[in-house]
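J.: Pasting a structure here, questions to come.
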Amino acid sequence: MPDPVSESAIELPELNPVIHGKLRLALLSLLSTVEEAEFTWLRAKTNSTDGNLGAQLLKLEEAGYVEVEKKFVLRKPQTLYRMTQSGRQALTEYVQALKQLLGAAING
Amino acid sequence: MNTNQDAQELAKQELTARLSLIETMIAEGRQTTESWGWTFVLWGVAYYVAIAWSTWGHSNFAWPVTMIGTSILTAVVATRMSSKHPETTMGRAIGAIWMAIGAALFIFCLSASIAGRIDLQTFIAAVGAMLGAANAASSIILKWGAQFMCALVWWVAAAISCFASASQSSIVFLAAIFLCQIVFGGYMMLSEARERKSPEEKSGAAHA
Numbered sequence: 004m005p006d007p008v009s010e011s012a013i014e015l016p017e018l019n020p021v022i023h024g025k026l027r028l029a030l031l032s033l034l035s036t037v038e039e040a041e042f043t044w045l046r047a048k049t050n051s052t053d054g055n056l057g058a059q060l061l062k063l064e065e066a067g068y069v070e071v072e073k074k075f076v077l078r079k080p081q082t083l084y085r086m087t088q089s090g091r092q093a094l095t096e097y098v099q100a101l102k103q104l105l106g107a108a109i110n111g
Numbered sequence: 010m011n012t013n014q015d016a017q018e019l020a021k022q023e024l025t026a027r028l029s030l031i032e033t034m035i036a037e038g039r040q041t042t043e044s045w046g047w048t049f050v051l052w053g054v055a056y057y058v059a060i061a062w063s064t065w066g067h068s069n070f071a072w073p074v075t076m077i078g079t080s081i082l083t084a085v086v087a088t089r090m091s092s093k094h095p096e097t098t099m100g101r102a103i104g105a106i107w108m109a110i111g112a113a114l115f116i117f118c119l120s121a122s123i124a125g126r127i128d129l130q131t132f133i134a135a136v137g138a139m140l141g142a143a144n145a146a147s148s149i150i151l152k153w154g155a156q157f158m159c160a161l162v163w164w165v166a167a168a169i170s171c172f173a174s175a176s177q178s179s180i181v182f183l184a185a186i187f188l189c190q191i192v193f194g195g196y197m198m199l200s201e202a203r204e205r206k207s208p209e210e211k212s213g214a215a216h217a
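Sequence lines, in order, name chains Z and G.
To convert, take the position in the first sequence, counting from 1, and add 3; that gives the numbering used here.
To convert, take the position in the second sequence, counting from 1, and add 9; that gives the numbering used here.
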């Protein structure tokens, strides 16, 4: 007779704390759909303030999930952000973990 | 027990909210509707100007000057417009098709008009076949039936001009320009405007 699967026997994944923050999660999700995005576009899409957006992007940059490029276009400064390979990997793992946790919550 | 259930319910709600946030943001990112309808109309008008200039003005410079002028105008306006929108992989794929076909068309039209050795029917057949290829590739990426119809119109025009007389080919070419550049460009501009107002209405005009 097989042992019943107890809740404690299920290995539930932990959610990546760098991505779990709402604004950081929103930023990574947005960046996953585009090649690169300007700071102002990210600000408009997330309805966030310059300070908060800059701080969250810096955290993502420090974690190696986004990379930044500053350049001039038509003599205007432009700050571009793009998702790195490890950022994409981290987001994928986060979504998988989220689905697993939700599945466990629904079944439990 | 109740407290434990409440905590579980809260955690479940938070996780669902996170998943929903990801979906919403991905949808937001893909709603980057680029505006390209104007280029179809602009190039349609440019073809008419070049045809009229070369026919009534009897100038060998008609096609090269019109094509170079329109290329510069397109590049300047597109650069200004694209700086507002981030580039998507799909947008880059479509851009690559049009840039490659555009360069091929430019080299062919320039060489053919200067050399003057190609008859009108061959010229129309080559231009029609190339424009058909660009529209077909773009429509397959965008899954947009209306643009594939344009590809078919260009290919039919190319095929007809291989068999028809010079005057018949000219009429077919003018009609194809009107349908695939002016009418389709206008329709694309309307679709883009509609999608900007209500993003949930999606057509191929939205370059994801």
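Each residue gets a CB set at the ideal place from its N, CA and C atoms; glycine is no exception.
Being a predicted model, the structure only gives us computed values, none of them experimental.
By the 10 Å Cβ neighbour count, where 16 or more other Cβ atoms means buried, how is Arg101/G classified, buried or exposed?
T.: Burial call: exposed.
J.: Please say whether Ala135/G and Phe115/G have beta carbons closer to each other than 8 angstroms?
T.: No.
J.: Taking its Cβ as the centre, do 16 or more other Cβ atoms sit within 10 Å of Leu60/Z, making it buried, or is it exposed?
T.: Answer is buried; the Cβ neighbour count reaches 16.
J.: Buried or exposed: which applies to Met108/G, given that a residue is buried once 16 or more other Cβ atoms fall within 10 Å of its Cβ?
T.: Met108/G should be labelled exposed.
J.: Within its chain, find whatever has a CB closer than 7 angstroms to the CB of Glu96/G; leave out the 5 residues flanking it on each side and keep chain order.
T.: Result list for Glu96/G: empty, nothing under 7 angstroms.
J.: Mind checking whether Val50/G and Gly194/G have CB atoms under 8 angstroms apart?
T.: Yes. Within cutoff.
J.: Distance check for Met139/G and Cys171/G, CA to CA, integer angstroms please.
T.: The alpha-carbon atoms of Cys171/G and Met139/G are separated by roughly 14 angstroms.
J.: The beta strand (DSSP E) with Val21/Z in it runs from where to where?
T.: Note, Val21/Z: premise wrong, no beta strand (DSSP E); alpha helix (DSSP H) at Pro20 to His23.
J.: For the alpha helix (DSSP H) holding Leu161/G, just list the boundary residues, first then last.
T.: Unbroken alpha helix (DSSP H) run through Leu161/G: Gly154 to Phe172.
J.: Got a sec? Which residues, its chain only, sit under 7 angstroms from Pro20/Z by beta carbon, not counting five neighbours each side?
T.: Closer than 7 angstroms at Cβ, skipping near neighbours: no residue.
J.: Answer with buried or exposed for Glu201/G, where buried requires no fewer than 16 other C-beta atoms within 10 angstroms of its C-beta.
T.: Looking at its Cβ environment, which holds 16 or more other Cβ atoms inside 10 Å, Glu201/G is buried.
J.: Identify whether Leu82/Z lies in helix, strand or coil by the three-state DSSP scheme.
T.: One detail in the question is off: residue 82/Z reads as Thr in this sequence, not Leu. It is a strand residue.
J.: Note down, in chain order, every chain Z residue with its Cβ under 7 angstroms from the Cβ of Glu37/G.
T.: Correct list: Leu33 and Lys48.
J.: In three-state terms, what does DSSP make of Ala40/Z?
T.: Correct three-state label for Ala40/Z: strand.
J.: Of the residues that make up the segment 79-95 of chain Z, which ones have a beta carbon closer than 7 angstroms to any beta carbon in chain G?
T.: The segment 79-95 of chain Z vs chain G, Cβ under 7 angstroms: nothing.
J.: Of all the CB atoms in chain Z, is at least one closer than 8 angstroms to the CB of Thr83/G?
T.: So no, Thr83/G is outside the interface.
J.: Would you verify that the beta carbon of Thr75/G is, or is not, closer than 8 angstroms to some beta carbon of chain Z?
T.: Chain Z, which has no Cβ nearer than 8 angstroms to the Cβ of Thr75/G, makes this no.
J.: Under three-state DSSP, which class holds Phe70/G?
T.: Three-state DSSP puts Phe70/G in coil, outside helix and strand.
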